[in-house]
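Undergrad:
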Amino acid sequence: MLHVIKTDAALKQVHPFYSEQDSILLIEDAVYAANPLHYAFEWLKGKNVFVLEADAKARGICHRIAPSTVMTNYLGFVELTEQHHSAMTWE
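Numbering (the working numbering), first residue to last: 727 to 817.
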């Protein structure tokens, strides 16, 4: 499953539904959680995490995104959606 997460608060909701074969795409304000200093980053460690580059750029935090995450563009967003049998958006 692809978990599309819009807010850092939504990360708490995802936790019980996440499995190892899933991917996480952080968009909108959730991109802040990709900063290693963010309180929610600890939960993201070791997971398959992608960050929407346009949202990170819009918030001026590209230089603060953890190297363990993958920056992706809108085409990458589409490809992630195609790679997973289902997707869920968390707000």
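Backbone N, C-alpha and C define an ideal beta-carbon position, used for all residues, glycine too. Only a predicted model underlies this, so the values are computations on that prediction, with no experimental measurement involved.
With burial defined as no fewer than 16 other Cβ atoms inside 10 Å of the residue's Cβ, what is the status of Tyr-758: buried or exposed?
TA: As a position in the sequence shown, residue 758 is number 32, starting the count at 1. It is buried - the Cβ of Tyr-758 has at least 16 other Cβ atoms within 10 Å.
Undergrad: So, with DSSP's three-state summary, where would you put Thr-807?
TA: For the purposes of this step, residue 807 is identified with residue 81 of the sequence shown, where counting begins at 1. Thr-807 falls in the helix class under three-state DSSP.
Undergrad: CB Trp-816 to CB Ala-766, shorter than 8 Å?
TA: Residue 816 sits at position 90 when you count from the first residue of the sequence shown. Residue 766 sits at position 40 when you count from the first residue of the sequence shown. No, they are not a contact pair.
Undergrad: Which residue's Cα is closest to the Cα of Leu-806: Leu-751, Ile-791, Asp-781?
TA: Position 80 of the sequence shown, counted from the start, is the residue given in the question as residue 806. Leu-806 has its Cα closest to that of Leu-751, out of Leu-751, Ile-791, Asp-781.
Undergrad: What would DSSP say about His-741, mapped onto helix, strand or coil?
TA: On the sequence shown, position 15 is the one that residue 741 refers to. His-741 falls in the helix class under three-state DSSP.
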